[in-house]
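In what follows, a structure is listed as structure tokens, so that the remarks can point back to it.
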Ligand code: SF4
């Protein structure tokens, strides 16, 4: 599973990091959501690959994002 965040459209509501704190966190500088460092793809803060155990909550976070800016690709 690959997860991408359109950070330019994130509204910093906090839902994703509340729903799936093992994978999402708030960027301390711009306040928007980002992927926790260990799961980033190529160092990109806006894209990552969760561990199998985190896939369900990452999917929940995508479903619950009020502005629908979290995209999931199943590979
Ligand atoms: S749920 Fe969506 S809008 Fe809210 S912080 Fe996460 S990415 Fe941003």
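In the numbering used here, the protein residues as written are 60 to 134.
Every residue, glycine too, gets a C-beta built ideally from N, C-alpha and C.
In the displayed model, residue 132 falls within a strand according to three-state DSSP.
Beta-bridge annotation (DSSP): residue 107 is paired with 62, 99. Between the beta-carbon of residue 74 and that of residue 120 there is about 7 Å, and that keeps the pair under the 8 Å contact cut.
Taken through DSSP and simplified to helix, strand or coil, residue 127 comes out as coil.
Note that the C-beta distance between residue 64 and residue 92 is below 7 Å. For the pair residue 97 and residue 66, the Cα-to-Cα distance works out to about 18 Å. DSSP, read as helix, strand or coil, puts residue 74 in helix.
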